[in-house]
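Have a look at the structure below before the remarks.
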């Protein structure tokens with residue numbers, strides 16, 4: 001699991017308070033972390049930082065697996081700094097949690113990560129009920 | 001060949017052997033790549049930058065490979081762990097990430113996360129229930145409503161599927177329109193049995209017109225079914241009364257052809273009795 005995916009992942013079972021925004025962010029307990037190499041893409045990084053990534057959650061997630069170099073807040077000058085963007089891209093896309101557990105902050109439900117694949121299977125009873 | 005959907009859940013069908021077969025079958029690989037390319041074309045993504053795409057039912061990552069080749073970043077979900085294992089073994093997941101997830105339980109992502117969504121040959125699995133607690137319609141609505149939330153405004157979703165019956169296609173597009181999507185089903189190569197493909201193209205834009213389907217140059221163009229968004233249309237399908245083969249037009253045409261061929265004088269003149277129905281004597 002990449003940190004970029006972690007940044008958008010939430011627990012969507014009915015056990016969390018808000019059915020749209022609850023169950024977020026999941027707490028990482030990593031047993032094994034692997035780093036791959038992906039080509040750096042500045043446009044994607046800029047876009048994803050502006051529209052998708054929750055910076056505070058990313059900093060927390062990075063800290064929980066031992067990366068403490070990220071600044072606490074994003075500033076416009078940082079966003080135009082190419083070497084900073086490259087580092088962020090590396091953390092977002094190249095750092096994988098291979099083995100570990102994700103824990104929901106609201107319900108405490110745990111999701112296991114094995115071989116880099118997160119198990120987010122829910123039972124029918126856990127699902128949010130929808131009107132049909 | 002019977003449909004795999006009828007044999008049980010997708011995670012049982014796509015076991016280790018089936019997943020490996022699927023991944024190494026060159027015909028399968030070719031078809032999946034072709035469908036994915038078409039789906040990406042239908043997504044109409046911005047061309048100036050890579051997008052972040054959700055791939056529902058990514059399987060062994062064949063579609064992800066295509067996304068990767070076009071420079072996109074993707075997140076793949078699949079219900080079959082064996083398929084995902086094949087995907088992660090191949091190390092194709094450099095720009096992608098894999099989740100073991102059942103699309104009928106709703107998507108576990110934050111609102112407005114993705115620039116687009118594709119799904120190749122997966123949606124029809126939602127039309128079948130494998131346990132008594134699974135209600136197909138509920139699972140479909142749950143999937144579409146969560147999809148509506150996780151896409152960025154302005155994003156599109158292209159979901160290719162194989163409906164077993166026309167009713168299934170209607171059920172799927174009805175559920176999509178129920179949660180607020182506009183769009184419809186694009187049918188490529190409608191006159192071919194094998195090449196025929198259904199794409200459910202969804203958009204947030206109310207006035208969105210689904211593009212035309214592809215055709216192999218036949219007389220009839222691809223079919224565009226604007227099902228979604230228009231609300232429920234008319235009641236039952238009233239079958240049209242079938243016309244007889246030897247109609248008046250048909251006789252007239254035959255006579256014209258003969259006139260050209262063997263001369264005007266050798267063909268009976270047209271009268272008011274030509275092609276007229278005889279009395280029902282018996």
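Residue numbers (full-length UniProt numbering), protein chains in the order written: chain A, 1 to 132; chain B, 1 to 282.
We treat Cβ as the ideally placed atom computed from N, Cα and C, and that holds for glycine.
Bear in mind the structure is a predicted one, so any value in this text is a computation, not a measurement.
Residue j beta carbon less than 9 Å from that of residue i
i                      : j                      : result
residue 44 of chain A  : residue 73 of chain B  : yes
residue 175 of chain B : residue 140 of chain B : yes
residue 57 of chain B  : residue 29 of chain B  : no
residue 2 of chain A   : residue 95 of chain A  : yes
residue 39 of chain B  : residue 125 of chain B : no
residue 60 of chain B  : residue 22 of chain B  : yes
residue 54 of chain A  : residue 76 of chain A  : no
residue 199 of chain B : residue 158 of chain B : yes
residue 82 of chain B  : residue 14 of chain B  : yes
residue 186 of chain B : residue 170 of chain B : no
residue 258 of chain B : residue 245 of chain B : no
residue 75 of chain B  : residue 19 of chain A  : no
residue 61 of chain A  : residue 68 of chain A  : no
residue 30 of chain A  : residue 64 of chain A  : yes
Residue nearest to residue i in terms of C-alpha spacing, selected from the options
i                      : options                       : result
residue 3 of chain B   : B:43, B:99, B:121 and B:153   : B:121
residue 7 of chain A   : B:135, B:38, B:36 and B:112   : B:112
residue 59 of chain A  : A:92, A:97 and A:100          : A:92
residue 67 of chain B  : B:85, B:95 and B:162          : B:95
residue 36 of chain A  : A:123, A:48, A:116 and A:122  : A:116
residue 32 of chain A  : A:98, A:111 and A:51          : A:98
residue 66 of chain A  : A:86, A:80, A:34 and A:42     : A:34
residue 197 of chain B : B:177, B:162 and B:178        : B:162
residue 203 of chain B : B:42, B:165, B:26 and B:27    : B:42
residue 270 of chain B : B:279, B:100 and B:249        : B:249
residue 273 of chain B : B:261, B:247, B:281 and B:264 : B:247
residue 70 of chain B  : B:148, B:47 and B:263         : B:47
residue 205 of chain B : B:194, B:148 and B:260        : B:148
residue 164 of chain B : B:123, B:84 and B:265         : B:123
residue 194 of chain B : B:35, B:90, B:101 and B:261   : B:35
residue 55 of chain B  : B:281, B:278 and B:101        : B:101
Any chain D beta carbon closer than 9 Å to residue i
i                      : result
residue 109 of chain A : Annotation note: the requested chain D is absent from the structure, which comprises protein chains A and B.
6 Å Cβ shell around residue i - same chain, five flanking residues per side excluded
i                      : result
residue 251 of chain B : 275
residue 89 of chain A  : 40 and 45
residue 12 of chain B  : none
residue 56 of chain A  : none
residue 79 of chain A  : none
residue 255 of chain B : 267
Own chain, CB closer than 7 Å to residue i, minus 5 neighbours either side, in chain order
i                      : result
residue 115 of chain B : 45, 51, 52, 53, 152 and 155
residue 226 of chain B : For residue 226 of chain B, the predicted structure reports a pLDDT of 49, less than 50, and the residue's modelled location is therefore unreliable. The matter cannot be settled from this model.
residue 88 of chain B  : 98
residue 20 of chain B  : 86
residue 112 of chain A : 101 and 119
residue 33 of chain B  : 62 and 66
residue 122 of chain A : 13
residue 104 of chain A : 11, 16, 23 and 26
Cut-off 8 Å between Cβ atoms - residues of its own chain near residue i, not counting five sequence neighbours on either side
i                      : result
residue 106 of chain A : 11, 15, 16, 17, 22 and 23
residue 214 of chain B : 38, 188, 189 and 222
residue 137 of chain B : 171 and 175
residue 7 of chain B   : 13
residue 310 of chain B : Since the first residue of chain B shown is 1 and the last is 282, residue 310 of chain B is not available in this structure.
residue 47 of chain A  : none
residue 82 of chain A  : 42
residue 134 of chain B : 104
residue 74 of chain A  : 49 and 55
Residue i CB to nearest heavy atom of the ligand ATP below 8 Å
i                      : result
residue 113 of chain A : With respect to the ligand ATP, the structure shown offers nothing to examine, as it has no ligands at all.
The stretch 117–127 of chain A / the stretch 3–15 of chain A touching (three or more Cβ pairs under 8 Å): Verdict: yes, contact present.
4-residue-minimum alpha helix (DSSP H) runs that sit fully inside the UniProt domain "Methyltransferase type 11" (54–158) of chain B, ordered along the chain: With a minimum length of 4 residues, the continuous alpha helix (DSSP H) runs that stay inside the UniProt domain "Methyltransferase type 11" (54–158) of chain B are 62–69, 81–89 and 136–150.
Meets three-Cβ-pair contact criterion under 8 Å: the stretch 177–190 of chain B and the stretch 208–216 of chain B: The stretch 177–190 of chain B vs the stretch 208–216 of chain B: in contact.
Segment contact flag, the stretch 93–113 of chain B with the stretch 143–151 of chain B, C-beta cutoff 8 Å, min 3 pairs: In this structure the stretch 93–113 of chain B lies against the stretch 143–151 of chain B, because at least three pairs of beta carbons, one per stretch, are closer than 8 Å.
In chain order, each beta strand (DSSP E) run of at least 3 residues that lies wholly inside the stretch 18–72 of chain A: The qualifying runs are 27–35.
4 or more residues per run - each alpha helix (DSSP H) lying fully within the stretch 157–226 of chain B: Note on the stretch 157–226 of chain B: whole alpha helix (DSSP H) runs with a minimum of 4 residues are 166–178, in chain order.
Uninterrupted beta strand (DSSP E) stretches inside the stretch 62–125 of chain A (no shorter than 3 residues): Unbroken beta strand (DSSP E) runs of no fewer than 3 residues, entirely contained in the stretch 62–125 of chain A, are found at 95–103, 110–114 and 117–119, following chain order.
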